[in-house]
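Visitor: Counting from 41, one number per residue, gives the positions in the sequence shown under our numbering. Glycine included, C-beta positions come from ideal geometry on N, C-alpha and C.
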Amino acid sequence: MDFNKLDTARKEELHSQITQYANSVGGKNFFLKMIEDIRAEKPNPILNKSGAFHTSRVKVTLSKAMFKDSFTTLFEAIRREEKKGDMLDGIAPKEYKATMNMMRALGNVTVSIQSKKEEDGEGFQFSILDKSEEKKTKVTFIFKAIFFYHLDEAKKALNYKA
C-alpha cells in the first residue's frame, strides 16, 4: 500500500484510527517505537506458542496462538491483497484451500496491546481480519501497519494533515 495514493476520505479514516491507537499507548513516538521493537524480534514474535510477547513499553497478546503455516499463508494473502485487491482473487485450488483454512483459524483472533505503565494509556485491541463485508474478508490496516508494512506507511498515516 502506498498511503499517498489513497483517496482523501480513506486517508482521514486511517489517520484518525491510527492516531487513536497511538494515543492509547502513550503517543506517536511510543507507537512507532513499539513497531520497531516488534520488527526487531527474530523470529517474528507473533509466532510465540503462548500467544504473548513484550516490547520495551507494551505487552502484546493474541487471543489464540498462531502457527507458522497460518502465518506464512497470511503474509502471502496480504501480498495478493495488495497486488490484486482481494486475497482470494485468481489463486490455485491448493492455495485457496490453505487461505480459507487460515481465514477460519484467524477469523476470531484478536490482538491486544497494553501499556506496561498505566500513565501511558490503556492500550487497544483489534482483529486480524476484517469481516465487515460478506465474501470480502480483508486484513485490517492496523495489523498490516504493525506487522507487515514498512514503518514509513505508519508514519505517513500518523502525520497526515487534512
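1) Helix, strand or coil: which one does DSSP assign to H190?
2) If you compare alpha carbons, which of K196, K176, K68, L54 is closest to G125?
3) Report yes if the C-beta distance between K184 and I86 is below 9 Å; otherwise report no.
4) Need the endpoints of the beta strand (DSSP E) that L102 sits in, please.
5) Between the C-alpha atoms of K51 and G67, what's the straight-line distance to the nearest angstrom?
6) Between which two residues does the beta strand (DSSP E) containing I34 stretch?
7) Going by DSSP, what residue range makes up the alpha helix (DSSP H) through S172?
8) If you follow the beta strand (DSSP E) that S167 is part of, which residue opens it and which one closes it?
9) Less than 9 Å separating the beta-carbons of I58 and L198?
10) For F107, which three-state DSSP category applies?
11) I need the straight-line Cα distance from A80 to T95, nearest angstrom please.
12) Quick check: the Cα distance between M127 and K201, rounded to an integer number of angstroms?
13) In terms of alpha-carbon separation, which member of L54, S64, A145 lies closest to S152?
14) If you run the structure through DSSP and keep just helix, strand and coil, what is A185?
Guide: According to the structure shown:
1) The residue labelled residue 190 in the question sits at position 150 within the sequence shown. H190 falls in the coil class under three-state DSSP.
2) What you label residue 125 is simply residue 85 of the sequence shown in a count that begins at 1. Comparing Cα-Cα distances from G125 to each of K196, K176, K68, L54, the minimum goes to K176.
3) Against the sequence shown, residue 184 aligns to sequence position 144. Against the sequence shown, residue 86 aligns to sequence position 46. The answer is no: Cβ separation not under 9 Å.
4) Mapped onto the sequence shown, residue 102 falls at position 62. Note, L102: beta strand (DSSP E), 98 to 102.
5) Here residue 51 corresponds to residue number 11 of the sequence shown, with the count starting at 1. Here residue 67 corresponds to residue number 27 of the sequence shown, with the count starting at 1. K51 and G67: Cα-Cα distance of roughly 19 Å.
6) The question about residue 34 has no answer, for the chain in this structure spans 41 to 202.
7) The residue you call residue 172 lines up with position 132 of the sequence shown. Run containing S172: none; DSSP gives neither H nor E here.
8) As a working mapping, residue 167 is identified with position 127 in the sequence shown. Here the beta strand (DSSP E) through S167 covers 164 to 167.
9) Against the sequence shown, residue 58 aligns to sequence position 18. Against the sequence shown, residue 198 aligns to sequence position 158. Result yes, Cβ atoms of I58 and L198 sit closer than 9 Å.
10) Taking the first residue of the sequence shown as position 1, residue 107 is located at position 67. Of the three classes helix, strand and coil, the one that applies to F107 here is coil, per DSSP.
11) To locate residue 80, count along the sequence shown from 1; it is residue 40. To locate residue 95, count along the sequence shown from 1; it is residue 55. Their Cα atoms are separated by approximately 10 Å.
12) Position 87 of the sequence shown, counting from 1, holds the residue named residue 127. Position 161 of the sequence shown, counting from 1, holds the residue named residue 201. Straight-line Cα distance between these residues: approximately 30 Å.
13) Counting from 1 along the sequence shown, the entry for residue 152 is found at position 112. Taking only the C-alpha atoms, the option nearest S152 is S64.
14) On the sequence shown, residue 185 is found 145 positions in, with the first residue counted as 1. Three-state result, A185: helix.
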